[in-house]
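> The sequence shown begins at 847 in the working numbering and counts up by one.
The structure under discussion is supplied below as structure tokens; questions concerning it will follow.
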Amino acid sequence: MKGKVNTAVFTLALAALFFGFWLSPKRVYSDNENRYLAGRPALTLQSLFAGDFTRGFEDWVTDGFPLRDRWIALKSRLDLLAGRRDTGGVYVTKEGRMMEVFDEVDEARYEKNLDYLRQAKALYAELDRFDVMLIPTASHVLREQVGLPTPDVDQASLLERASDLLTYDALSALEAHRDEYIYYYTDHHWTSLGAWYVYALRDDALAQDAFVQEVLTEDFLGTTFSRAGIYEKKDAITAFAYGSPTVEHNRSGAVTEGLYDRSYLSKKDKYSVFLGGNQALTVIRTGQEGGKLLLVKDSYANTYVQFLIPHYAEIHVVDLRSFAGSLRAYAREAGITEMTVLYNLKGFSEETSLFRIVG
């Protein structure tokens, strides 16, 4: 009898926890992870039998679990104590650096994306210049310093397969300065200094002292921190400003002064201080003489674009993941004279929207 009572109490407690979790308010957005969290799934006969409800419920519970951020941090700490350096898809080094794991590549996707670039280079042959820049990630450039615990994709080999497209040897430029602050400790992006070393490969590149350098924050915890939940040191974000450019996002007609959206410095996503984050279309009017550049990119270019200000009258920044319409038609309409494609190598190998570059 006592066993039945205990079972009933346990069952009621579980039911109370379940319904309490089901009915309690949940966070819609995670500032720490910089993403929207899964919502409570709708229970219908169709979703139940199709398996959609089960999958949605699992995502919802995972995202809405109480004290989720602290549990992520605890798991990472336990992984490190157990000798694992790979936690949450992030390498955590002994010096406290967190680098995004890049241990496999979709070969078919990578080759297809290279083919799109070759088609685009032919399609835009009338332009004065067509540059392609694929930037290796920290897990390759810094591999010797940090002693990665597991094999990483041979990014040098991937870059060699794109050698007919690449304008600059970004890998060598970054490896030559691997002892400097060229990648963030807690984020998957390169720093402004890392971007400058690749920019310096341009024949017409300006010296560092041509730009006004300003430390925007020393309180940055980025994407790899969000996935691991732990950190040893915070990052600094530095601006390299030039001139007085204006910025317009998504043909809104609203023009802002300067490249840096300082409102993000008080938010979790501080990297979005560059250009206000990823926008479908950003038009920068520099006030300088020169042509009009079309920059097709991922977020690695957000910190690189500040170095292009002296060289163009206008810079049209396009993120193909959200850009609507024909890129070819837009380039003609805008009077584009040069084009640059800039992605980090891992992101490029996974990109599913690059077909739009030839549309």
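From the three backbone atoms N, C-alpha and C, an ideal C-beta is built for every residue, glycine too.
#1: Cα-Cα, which of M945, T939, K940 and V999 is closest to V951?
#2: List, from N- to C-terminal side, the alpha helix (DSSP H) runs of 4 residues or more that fit wholly inside the region 1022-1066.
#3: One question on the structure: do T1063 and K1114 come within less than 9 Å of each other, judged by their Cβ atoms?
#4: Could you check if K1143 is buried or exposed, using at least 16 other CB atoms within 10 Å of its CB as the buried criterion?
#5: For G1087, which beta-bridge partners are listed by DSSP?
#6: How do the region 1019-1032 and the region 965-973 stand: do at least 3 beta-carbon pairs fall below 8 Å, yes or no?
#7: Between the region 1075-1087 and the region 1048-1060, are three or more C-beta pairs nearer than 8 Å?
#8: Quick one: what's got a C-beta closer than 7 Å to D1050's C-beta in the same chain, skipping five residues either side?
#9: Spell out a yes or no on whether the region 975-994 and the region 1115-1131 are touching, meaning 3 or more CB-CB pairs, one atom from each, closer than 8 Å.
#10: Counting C-beta neighbours from all protein chains within 10 Å, is the total for V1101 16 or more, i.e. buried, or is it exposed?
#11: Compute every distance between the C-beta of K1138 and the non-hydrogen atoms of the ligand PLP, then say whether any falls below 8 Å.
#12: With DSSP as the reference, label V999 as helix, strand or coil.
#13: For A1147, tell me which candidate among D1165, A1159, E1160 and R1131 has the shortest Cα-Cα distance.
#14: Would you identify the three-state DSSP class for K1116, choosing helix, strand or coil?
#15: In whole angstroms, give me the CA-to-CA distance for A1177 and Y962.
#16: Are there three or more Cβ pairs, one per stretch, closer than 8 Å when the region 1004-1012 is compared with the region 1031-1038?
#17: Cα-Cα, which of A1180, D1065, R1174 and R1073 is closest to E1160?
#18: Taking the alpha carbon of V936 as the point to measure from, which residue in A1008, E957, R964 and S1072 has its own alpha carbon closest?
#19: Have a look at L1017, L1154, N1124 and V987 and flag the residue whose alpha-carbon is nearest the alpha-carbon of E1184.
#20: For the alpha helix (DSSP H) containing G1193, name the first residue and the last one.
#21: Do you know whose CA, among L1111, S1109, D949 and Q1125, lies nearest S1098's CA?
#22: Rounded to whole angstroms, how far is the Cβ of L1191 from the Cβ of T983, which I believe are closer than 8 Å?
#23: Distance, Cα to Cα, E1196 vs G1136?
#24: Return helix, strand or coil for T834, following the three-state DSSP convention.
#25: Give me the Cβ distance between E1105 and Q1152, rounded to the nearest whole Å; I'm assuming they're in contact under 8 Å.
#26: Using three-state DSSP, classify E1160 as helix, strand or coil.
#27: Return the CA-CA distance between R1167 and S1009, expressed in angstroms with no decimal places.
#28: Over the uninterrupted alpha helix (DSSP H) stretch that includes D961, give me the two end residues.
#29: So, under 8 Å CB-CB, V1129 and Q965 are touching, yes? Tell me the CB distance rounded to an integer number of Å.
#30: Apart from the five residues on each side of it in sequence, which residues of its chain come closer than 8 Å, Cβ to Cβ, to A1170?
#31: When the cut-off is 9 Å and only beta carbons count, does F1169 lie next to chain D?
#32: Our contact map puts L1141 next to I1182 with C-beta atoms below 8 Å; I'd like the distance itself, whole angstroms only.
#33: Distance check for R943 and Q990, CA to CA, integer angstroms please.
#34: Comparing C-alpha positions only, which one of G1193, R1202, E1026 and T1186 sits nearest to A1175?
#35: Is it right to say D1025 is buried, meaning 16 or more other beta carbons lie within 10 angstroms of its own, or is it exposed?
#36: Does DSSP classify V947 as helix, strand or coil?
Looking at the atomic coordinates:
#1: V999
#2: 1038-1045
#3: No.
#4: buried
#5: As written in the sequence, residue 1087 is Ala, which differs from the Gly given in the question. V1058, per the DSSP bridge assignment.
#6: no
#7: Proximity of the region 1075-1087 to the region 1048-1060 meets the contact definition, three or more beta-carbon pairs being nearer than 8 Å.
#8: H1157
#9: no
#10: Exposed: under 16 other Cβ atoms inside 10 Å.
#11: The ligand content of the structure shown is nil, which means the ligand PLP is not present either.
#12: Under the three-state reduction of DSSP, V999 is assigned to coil, being neither helix nor strand.
#13: Nearest Cα to A1147 within the set D1165, A1159, E1160 and R1131: D1165.
#14: helix
#15: 17 Å
#16: no
#17: A1180
#18: S1072
#19: Out of L1017, L1154, N1124 and V987, L1154 has the C-alpha closest to the C-alpha of E1184.
#20: Unbroken alpha helix (DSSP H) run through G1193: L1191 to E1196.
#21: Q1125
#22: 6 Å
#23: 34 Å
#24: Since the displayed the chain opens at 847 and closes at 1205, residue 834 lies outside it and no answer follows.
#25: Here the sequence assigns Leu to residue 1105, which means Glu is not the residue at that position. So it is a contact: roughly 6 Å between Cβ atoms.
#26: It is a strand residue.
#27: When only Cα atoms are considered, R1167 and S1009 end up about 25 Å apart.
#28: E953 to L969
#29: No, V1129 and Q965 are not in contact; Cβ-Cβ is about 25 Å, not under 8 Å.
#30: These residues qualify, in order along the chain: A1126.
#31: Checking the listed chains, one finds no chain D in this structure; it contains a single protein chain.
#32: So it is not a contact: roughly 10 Å between Cβ atoms.
#33: Looking at the sequence itself, residue 990 is Glu, so the reference to Gln does not match. Looking at the two C-alpha atoms, the distance is approximately 13 Å.
#34: R1202
#35: exposed
#36: coil
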